[in-house]
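Protein chains in written order, with my numbering: chain A, 1 to 145; chain B, 146 to 290. Every residue gets a Cβ at the ideal spot worked out from N, C-alpha and C, and that includes glycine. Owing to the predicted nature of the structure, the values given are computational and were not obtained by experimental measurement. Inspection log for the structure reproduced underneath, given as structure tokens.
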DNA sequence: AGGCTTTTTGCAAACCATTCGCAACAGGAT
DNA sequence: ATCCTGTTGCGAATGGTTTGCAAAAAGCCT
């Protein structure tokens, strides 16, 4: 069984557990999401889902995405000046770099930064509920310094 | 001369330099922005500006905010699930913590985090154009650990 | 001041991603 | 197979923000 299939199964379980029915349309979207290795937006997910569930509507895509997000199995990212993009939330936490030229999204993570964030919040009397960190970047033109 | 007056003057210069005319409406908004110590949204800025320039329209507020942002003298922040909020951009760079209960915005900055971000980007072959870091937080309930 | 050009204004309409109301439809437990 | 309840697609609504336009105001040159 591939990773994608496992993920699709995971999505299905999560929805069922929440009393959400798995329809033909939802199954299609779940598969599409499970297979996606990028960060597609709702319209793109709709486009991809139409192959497997002809006639699926954009509303249904949005509704299902919201349900999946509520169950915590996918994440919604609202990058600057763009519509929301989605990704499955099974690996460990990570943040994003967005190439401002191409729109490409690169994942990264830094325990050190996370620790500093928590430390700063605590010093000011807060606990972090969640955070958002995005680096808007441009490919280095001149090889290495 | 107060800080606010200096800032208002700074805004005025920036706009004039860009060939933008200072109208009664804009002067009012500039003052409001210069005096603001919080992070108001367009509607709130409009409300505050109406005292000094009765009849000023929300469109004018938006148009002027856009111009100021283009000149780099104010910053626009798009926090999660809220309309854009603005602040003057004269002090040094900082990031934000948002109290998820109250909506309060707290400023902070960490050179160490900034350095780590730059380092990470560089390692992956990128330069940072700008970044966004927001901590969504909740006040610690139990005093200090 | 007067006149002329260019920018700006307020209004209403347009935008765009996302959500919602609704009547027809379809899971899925029994 | 049935019934109950959740779901669908559609089109319309939303809400923050932007835009087209004709009227009004800035700024400039004498």
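Can you tell me whether residue i is helix, strand or coil according to DSSP?
| i | result |
| --- | --- |
| residue 11(A) | helix |
| residue 37(A) | coil |
| residue 272(B) | strand |
| residue 43(A) | helix |
| residue 120(A) | helix |
| residue 95(A) | strand |
| residue 70(A) | helix |
| residue 208(B) | helix |
| residue 150(A) | Here chain A comprises residues numbered 1 to 145, so residue 150(A) is not present and cannot be evaluated. |
| residue 250(B) | strand |
| residue 245(B) | coil |
| residue 137(A) | strand |
| residue 260(B) | helix |
| residue 24(A) | helix |
| residue 277(B) | strand |
| residue 52(A) | coil |
Return no unless some Cβ of chain A is closer than 9 Å to the Cβ of residue i.
| i | result |
| --- | --- |
| residue 164(B) | no |
| residue 279(B) | yes |
| residue 290(B) | Reliability of the predicted coordinates at residue 290(B) is poor, the pLDDT of 43 falling under 50, and the value obtained from them is presented with this limitation in mind. Answer yes: the Cβ-Cβ gap between residue 290(B) and chain A drops below 9 Å somewhere. |
Rounded to the nearest angstrom, what separates residue i and residue j at their Cα positions?
| i | j | result |
| --- | --- | --- |
| residue 224(B) | residue 281(B) | 10 Å |
| residue 209(B) | residue 15(A) | 46 Å |
| residue 32(A) | residue 130(A) | 27 Å |
| residue 68(A) | residue 11(A) | 7 Å |
| residue 36(A) | residue 140(A) | 28 Å |
| residue 42(A) | residue 244(B) | 29 Å |
| residue 265(B) | residue 55(A) | 44 Å |
| residue 17(A) | residue 217(B) | 49 Å |
| residue 291(B) | residue 250(B) | In the structure as shown, chain B starts at 146 and stops at 290, and residue 291(B) therefore has no counterpart that could be examined. |
| residue 289(B) | residue 117(A) | Residue placement at residue 289(B) is flagged as unreliable, the pLDDT there being 44, under the threshold of 50; a coordinate-derived value is accordingly withheld. |
| residue 221(B) | residue 122(A) | 26 Å |
| residue 102(A) | residue 202(B) | 37 Å |
| residue 74(A) | residue 66(A) | 9 Å |
| residue 97(A) | residue 107(A) | 6 Å |
| residue 196(B) | residue 167(B) | 18 Å |
| residue 164(B) | residue 171(B) | 14 Å |
| residue 179(B) | residue 235(B) | 10 Å |
| residue 148(B) | residue 237(B) | 15 Å |
| residue 273(B) | residue 260(B) | 11 Å |
| residue 270(B) | residue 198(B) | 50 Å |
Counting only C-beta atoms, is residue i closer than 9 Å to chain B at any point?
| i | result |
| --- | --- |
| residue 30(A) | no |
| residue 138(A) | yes |
| residue 80(A) | yes |
| residue 131(A) | yes |
| residue 5(A) | no |
Go ahead and label residue i buried or exposed: buried means 16 or more other beta carbons lie within 10 angstroms of its beta carbon, across all protein chains shown.
| i | result |
| --- | --- |
| residue 46(A) | buried |
| residue 194(B) | buried |
| residue 158(B) | exposed |
| residue 173(B) | buried |
| residue 6(A) | exposed |
| residue 88(A) | buried |
| residue 124(B) | As shown, chain B starts at 146 and ends at 290. That puts residue 124(B) outside it, with no answer to give. |
| residue 134(A) | buried |
| residue 82(A) | exposed |
| residue 169(B) | exposed |
| residue 175(B) | buried |
| residue 230(B) | buried |
Output, in sequence order along the chain, the residues in the stretch 243-274 of chain B whose CB is closer than 8 Å to any CB in chain A. 244, 245, 251, 253, 255, 257, 258, 261, 262, 265, 266, 267, 269, 270, 271, 272, 273, 274
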